[in-house]
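Q: My numbering puts the first residue of the sequence shown at 310, with every later residue one more than the last. All C-beta atoms in this analysis are idealised placements derived from N, C-alpha and C, irrespective of residue type, glycine included. Fair warning: this is a prediction, and the values are worked out from it, not measured in the lab.
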Amino acid sequence: MQLQTRATKFDLLTDDDLTPEQAVAIIDRAAQLKAQLKAGEPQNHLLPGKTLAMIFEKPSTRTRVSFEVGMAQMGGHALYLSAHDLQLGRGETIEDTGAVLSRYVDVIMARMFKHTDVTLLAKSASVPVINGLSDLSHPTQGLADMLTIKEQFGGWNGHKLAYVGNKNNMVNSLLLAGALVGLDVAVATPPHNTPDPDIVKRAQAIAPQTGSTIEFFENPYHAIMNADIVYTDVWVSMGQDVDAETLDNLKAYQVDEEMMSGTLPNSVFMHCLPMMRGQEVTAEIAGGPQSIIYDQAENRLHVHKALLYELLVNPLGSVLL
Ligand code: CP
Ligand code: NVA
């Protein structure tokens with residue numbers, strides 16, 4: 310394999326750091342790596358000697374384990390770094406942390422409260438930085454979800470995802486990821502709780518290039534009409550303040566049998582997890598035949614591997630050049 314050094318490093322901070330072509334190429338690469346893994350083909354030659362540093366300011370099950378297992382499967386190594394245990398927790402600057410880690414590792418993944426902090430980390434690191442969830446976005450989840458949707462429906466064009474629930478990082482990523490791949494996205498959130506206006510503008514700017522449509526509603530039943538996918542997330546994200554009135558308004562957005570019955574016959578239910586059964590979704594829908602929540606969780610692994618491979622191996626023709 311011919312290797313080439315990247316002229317400028319690539320950071321994945323929000324989904325639209327990728328072009329539509331790059332997003333689709335990473336998802337295709339993920340599908341290929343998934344098929345290889347299922348066929349028992351060895352993959353430990355893909356990233357030998359490569360190290361990933363994973364900084365976590367907040368808890369994680371899926372992101373942590375899938376990145377760590379992904380590196381191990383490809384012959385690389387991942388370091389779990391709790392922000393509390395790093396000098397960062399004692400006040401060392403993000404800039405120094407980014408610069409120093411770049412002298413040891415090949416790539417950094419960071420889950421931080423503030424998106425501005427991940428951006429600062431990316432600026433100070435000379436190696437690629439992947440956002441593992443911030444208050445603004447969750448790009449690796451968005452990409453993995455697009456893989457899951459492609460597996461389910463064979464593609465994205467002409468299919469519709471309805472997000473019902475609170476505004477948060479997840480709906481922002483679904484808007485951008487959906488726009489990148491050409492999926493229609495309809496969002497229903499309570500009054501005064503609409504998604505980040507800058508993200509909305511960015512998604513609306515991408516959508517016409519890929520044939521996606523983006524719509525916003527207050528009434529969840531308007532959003533779910535003709536939907537192939539109903540997606541929800543926790544009403545209170547990590548570090549998010551949600552007032553009592555909004556929580557009360559959110560009760561009308563719970564995904565239940567009645568809401569699912571307003572969708573297309575082959576519709577599926579999606580959630581990034583972790584979930585609060587009985588709050589944003591009923592236990593019956595979460596555990597019912599339409600639920601594909603564990604496929605979503607699995608696909609984090611395959612998408613993270615594809616992303617790491619494209620970032621680190623960088624063969625001529627890598628989609629991220
Ligand atoms: N969906 C997701 O990012 O899960 P974790 O918080 O467990 O990583
Ligand atoms: N919106 C949720 C997603 C968790 C993976 C949160 O930020 O807590």
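With a cut-off of 8 Å, do at least 3 Cβ pairs link the segment 435–443 to the segment 493–512?
A: Result no; under three Cβ-Cβ pairs closer than 8 Å.
Q: With respect to the beta strand (DSSP E) encompassing Phe-365, which residues constitute its N-terminal and C-terminal limits?
A: From DSSP, the beta strand (DSSP E) with Phe-365 extends over 360–365.
Q: Taking the C-alpha atoms as reference points, what is the distance between Lys-343 and Met-455?
A: Answer to the nearest angstrom: the Cα atoms are 14 Å apart.
Q: Considering Cα atoms alone, identify which of Gly-474, Val-427, Asp-415, Glu-589 is closest to Thr-402.
A: With distances taken between Cα atoms, Thr-402 lies closest to Val-427.
Q: What are the start and end residues of the beta strand (DSSP E) that includes Arg-420?
A: Where Arg-420 is concerned, the enclosing beta strand (DSSP E) stretches over 416–420.
Q: For a test of your reading of the model: does the CB of Ser-391 fall under 7 Å from any non-hydrogen atom of ligand 1? Yes or no.
A: Checking every heavy atom of ligand 1 against the Cβ of Ser-391, none is found closer than 7 Å.
Q: Starting from Met-579, trace the alpha helix (DSSP H) in both directions and tell me its first and last residue.
A: Run containing Met-579: none in the alpha helix (DSSP H); it sits in the beta strand (DSSP E), 577–580.
Q: Here's a check: name, in chain order, each residue in its chain whose Cβ is nearer than 6 Å to the Cβ of Asp-325, leaving out the five neighbours to either side.
A: Same-chain partners within the cutoff: Leu-485, Arg-511.
Q: Helix, strand or coil for Asn-440? Go by DSSP, reduced to three states.
A: Asn-440 falls in the strand class under three-state DSSP.
Q: Quick check: the Cα distance between Leu-312 and Pro-598, rounded to an integer number of angstroms?
A: Because Leu-312 carries a pLDDT of 40, less than 50, the predicted location of this residue cannot be relied on, and the following value inherits that uncertainty. The straight-line gap from Cα to Cα measures roughly 45 Å.
Q: So Lys-359 packs on Gly-398, CB below 8 Å; how close in whole Å?
A: Not quite, the Cβ-Cβ distance comes to about 26 Å (not below 8 Å), so this is no contact.
Q: Do three or more CB pairs link the segment 532–551 to the segment 574–586 at distances below 8 Å?
A: The segment 532–551 is in contact with the segment 574–586.
Q: Does the segment 455–465 come within contact of the segment 604–615, defined as at least 3 CB pairs closer than 8 Å?
A: Because the criterion of three Cβ pairs below 8 Å is met, the segment 455–465 and the segment 604–615 touch.
Q: Taking the continuous alpha helix (DSSP H) assigned at Ile-458, which residues delimit it?
A: Element bounds for Ile-458: 448–462.
Q: Leaving out five residues before and five after Glu-366 in sequence, what residues of the same chain have Cβ atoms less than 7 Å from its Cβ?
A: Excluding residues within five positions, the ones whose Cβ falls inside 7 Å are Ala-392, Arg-420, Met-421, Phe-422.
Q: Any idea what DSSP makes of Ala-516, helix, strand or coil?
A: It is helical.
Q: Identify the residues that DSSP records as bridge partners of Ile-508: which are they?
A: BP columns for Ile-508 are empty, so no partner.
Q: State the DSSP-derived secondary structure class of Thr-541, mapped to helix, strand or coil.
A: Three-state result, Thr-541: strand.
Q: Considering only residues of the same chain and omitting the five flanking positions on each side of Gln-513, which have a CB-CB separation below 8 Å?
A: Contacts found: Ala-488, Ile-523.
Q: Based on the DSSP output, what are the partners of Tyr-389 in its beta bridges?
A: The partner list for Tyr-389 (beta bridge, DSSP) reads Met-363.
Q: State yes or no: is the C-beta of Ala-561 within less than 8 Å of the C-beta of Arg-338?
A: Not in contact: Ala-561 and Arg-338 (Cβ atoms no closer than 8 Å).
Q: With 16 other CB atoms within 10 Å as the buried threshold, where does His-468 fall?
A: That one is buried.
Q: How big is the Cα-Cα spacing for Lys-432 and Glu-404?
A: C-alpha separation (whole angstroms): 8 Å.
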